[in-house]
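Take a look at the structure below.
Number of protein chains: 2
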Amino acid sequence: MNDATKPVKKPSRIQLRNRKRILDAALAVFSQHGYRGATLDQIADASGLSKPNILYYFDGKEAIHVTLLNALMDNWLDPLKKMDPDGDPLEEILGYIHRKMQMSREFPRESRLFANEVLQGAPRMKPHLETGLKTLFDEKTALIQRWMDQGKLAPCDPRHLLFSIWATTQHYADFEEQVAILTDGETDPVDGAEQFLDNMFRKLLTP
Amino acid sequence: MNDATKPVKKPSRIQLRNRKRILDAALAVFSQHGYRGATLDQIADASGLSKPNILYYFDGKEAIHVTLLNALMDNWLDPLKKMDPDGDPLEEILGYIHRKMQMSREFPRESRLFANEVLQGAPRMKPHLETGLKTLFDEKTALIQRWMDQGKLAPCDPRHLLFSIWATTQHYADFEEQVAILTDGETDPVDGAEQFLDNMFRKLLTP
DNA sequence: AATTTTCTTGACCGAATGGTCAGGTTGTGG
DNA sequence: CCACAACCTGACCATTCGGTCAAGAAAATT
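Same order as they appear, the protein sequences are chains U and W. Counting along the first sequence from 1, when you hit position 153 you're at 334 in the numbering used here, and nothing is skipped either side. Counting along the second sequence from 1, when you hit position 58 you're at 239 in the numbering used here, and nothing is skipped either side.
Now the structure itself:
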C-alpha cells in the first residue's frame, strides 16, 4: 500500500450518509444554477449541513462538481453500452431511445447538470468526453453503419442519428420549463413524446 | 408624450455605438457562463469599456441580460412566423428546419443564451414564453394539425414535431463542444446535419 | 471509563462582485 | 469660443463568495 495519493480508509457510516446528502443537494443546486451560479451556502442549506462541514467531506466546490460529473458519466453511457450487436437492429435502437427517454423522466437533474457543463464548453469534462464517450461513440456508430451496410436499417449518417436521439430525448429534461408552458402543464408530456419518437425513428430506419 | 417611464430622447451616435458594443460583449459572456456566472468585469473587458461606463449605459447587470433576451425573442420566433399557411406543407416545414439550422450556424451564441436561460428555469423569460411564444406555438401547431387532417402530411403530434425540430437544430449550437469532439473537429458538421434532418423529417411527414 | 479518532461549528479572512459617486474630460449647439 | 450637456473614470463601498481554523461535541476503540 504505497499509494500516497489514495488514503484508502474504509468510510464510516456517517461518511457515507453525509457524502450522499451533500452530493444530492449539490446535484439539485448545480443542475439549476450551473457551476458558477451555485454557491456552497446553497448546497449547505439544501443538505442540512454547515458549510465548514461540507468542506470537511470535500476538498472544495470544484471537487464536489467533479465527483458528480464522474458519477454521471457512467450512468449516462450505460444505455448506449446496452445496445446489443446481436439483437435486432431496429429494436435495439428503439430500445435505446426508450431507455434515454426514461432517463430524461427519472433523472432530469442529471441531464441538466450535463447540459450546463457542455453548454459552457465542458471545461471540467472534456477529458471524459474525449476518452470514454468518444470511444463508445465510435464503436456504436460503426455498429450501426454495419447494420445499414447489411441492409437491416435504412441508410443515414449514424453520427447524426445519435445526435438526434440525444437531442430529442434530453430536450424534455433540459427544456422542461418550456415544454411545460407550451403543453399547458400536461400531466406528463414524456408519454406522448415517447410515442412520437418511436414513430419518427421507426420511419427513418425501416429499410 | 406624457409617458414618464420612457425618457425618449433620440440616442446619440456614441450612445448607439457603445450600447451595441456592450450588448455584443455581454452576449459573448452570458452565453458562455450563464447569467450568474458572468461578471460585469468580464463584460467590461470584452467591450473595451470601463465598468462604471457600462453602468452609465445600462441600469445594471440584469438590465443588460433582459435587453439581450428581449432582442433575442424576435429573431428567435421569426423563422417560425415565416411558415406560410398557403405554401406546400412539407416544403414549409422543411424550409423551417433549414432556417433554424442556419440560425444555429450563424448565431450559436444566441442559441446558447436562450438555452442557458431555459435550462435554469427561465426565471427572467417566463412571461415572454407564456405570451409571445405560446401564442405562436398554438397557432402553428393548429396549422400543422389542419394540414395533417387534410391528408397533406402524415399524422403525428404537431407539438412534439416542433419540439423535435427545436431540439435537433439547436443541439448543434448548444452542444457544439460535444459535437466537435465526436466528429473529430470536422469542418462543419452542420452540413451533414442538415442533410440528415431533411431526410428524417421528410420520411416522417410524407403521407 | 479513559482515550483516541472522527465529526461539527462559530468566527473569521482575503478576494471577487455589483454598484456608487464626485469630479474630470470630451463633444456639441449657439 | 463659450457654456452646457453628454460621456467617462479612479477610488471607493457593502455584500457575497470560497475557504480556513481553533476548539468543542460525538463516536469509536481500548
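Backbone N, C-alpha and C define an ideal beta-carbon position, used for all residues, glycine too.
Close beta carbons around P370/W, own chain, < 7 angstroms, minus the five adjacent residues each side: Cβ within range, chain order: Y353, V360, T364.
Cutoff 8 angstroms: D338/W Cβ touching any chain U Cβ: Yes, D338/W lies at the interface with chain U (some Cβ there is under 8 angstroms from its Cβ).
Under 8 angstroms by beta carbon: chain U residues contacting T368/W: By Cβ distance, chain U contributes nothing, its closest Cβ being about 14 angstroms from T368/W, past 8 angstroms.
T349/U classed as buried or exposed, judged by whether at least 16 other C-beta atoms fall within 10 angstroms: T349/U comes out buried.
Near-chain U residues of the stretch 281-308 of chain W (beta-carbon distance less than 7 angstroms), N- to C-terminal order: Residues R293, A296, N297, V299, L300, Q301, G302, A303.
Proximal chain U residues relative to E358/W, where beta-carbon distance stays under 7 angstroms: Under the 7 angstroms cutoff, chain U gives V299, G302, A303.
Whole-Å CB distance - S212/W paired with R293/W, under 8 angstroms assumed: The C-beta distance from S212/W to R293/W rounds to 4 angstroms, short enough to fall under 8 angstroms.
Beta-carbon neighbours of S345/W, restricted to chain U and to distances below 9 angstroms: Those are S345, A348, T349, H352, A374, F377, L378, M381, listed as they occur along chain U.
Short-range partners of chain W found in the stretch 316-331 of chain U, where Cβ spacing is below 7 angstroms: Those would be F318, in chain order.
Helix, strand or coil at R286/U [DSSP, three-state]: The answer is helix: DSSP assigns R286/U an H, G or I state.
Inter-residue spacing [alpha-carbon to alpha-carbon] between Q196/U and Y238/U: Taking the straight line joining both Cα atoms gives about 8 angstroms.
C-beta neighbour in chain U for L310/W, strict 8 angstroms: Output row for L310/W: interface = yes.
Same chain, Cβ closer than 7 angstroms to N199/U, neighbours up to 5 away in sequence not counted: Cβ within range, chain order: L230, Y238.
Rounded distance between the beta-carbons of L386/W and I274/W, thought under 8 angstroms: Indeed they touch by this definition, with Cβ atoms about 6 angstroms apart.
Ranges of the alpha helix (DSSP H) found wholly within the stretch 265-328 of chain U, counting only runs of at least 4: Every unbroken stretch of the alpha helix (DSSP H) spanning 4 or more residues and falling wholly within the stretch 265-328 of chain U is given here in chain order: 270-287, 289-300.
Per-residue DSSP class, three states only, for E212/W: Residue identity differs from the one stated: residue 212/W is Ser in this sequence, not Glu. It is helical.
Exposure of N183/U, with buried meaning 16 or more beta-carbon neighbours within 10 Å: Annotation note: pLDDT 36 at N183/U (below 50); position unreliable, coordinate value reported separately. With fewer than 16 neighbouring CB atoms inside 10 Å of its own CB, N183/U falls in the exposed class.
C-alpha gap between D240/U and H246/U, whole angstroms: Computed Cα separation, rounded: 11 angstroms.
Cβ neighbours of A209/U in the same chain (closer than 8 angstroms, five flanking residues each side left out): Sequence-distant Cβ neighbours of A209/U in its own chain, meaning closer than 8 angstroms and more than five residues away, are A227, R290.
Buried versus exposed, by CB contacts within 10 Å (16 or more), G268/U: The residue is exposed, with fewer than 16 neighbouring Cβ atoms inside 10 Å.
Distance CB(L253/W)-CB(F295/W) smaller than 8 angstroms: Their beta carbons are under 8 angstroms apart, which means L253/W touches F295/W by this criterion.
Alpha-carbon spacing of L342/U relative to I278/U, whole angstroms: Going from the Cα of L342/U to the Cα of I278/U covers about 11 angstroms.
Closest by C-alpha distance to R261/U, when choosing among T322/U, Q376/U, R305/U, L204/U: Contrary to the premise, residue 261/U reads as Leu rather than Arg in this sequence. That would be T322/U, whose Cα lies nearest to the Cα of L261/U.
For R286/W, the nearest candidate out of F344/W, Q351/W, M329/W, P388/W (CA to CA): It is Q351/W whose Cα lies nearest to the Cα of R286/W.
Cutoff 8 angstroms; reference D265/U; Cβ partners in own chain excluding five residues on either side: E273.
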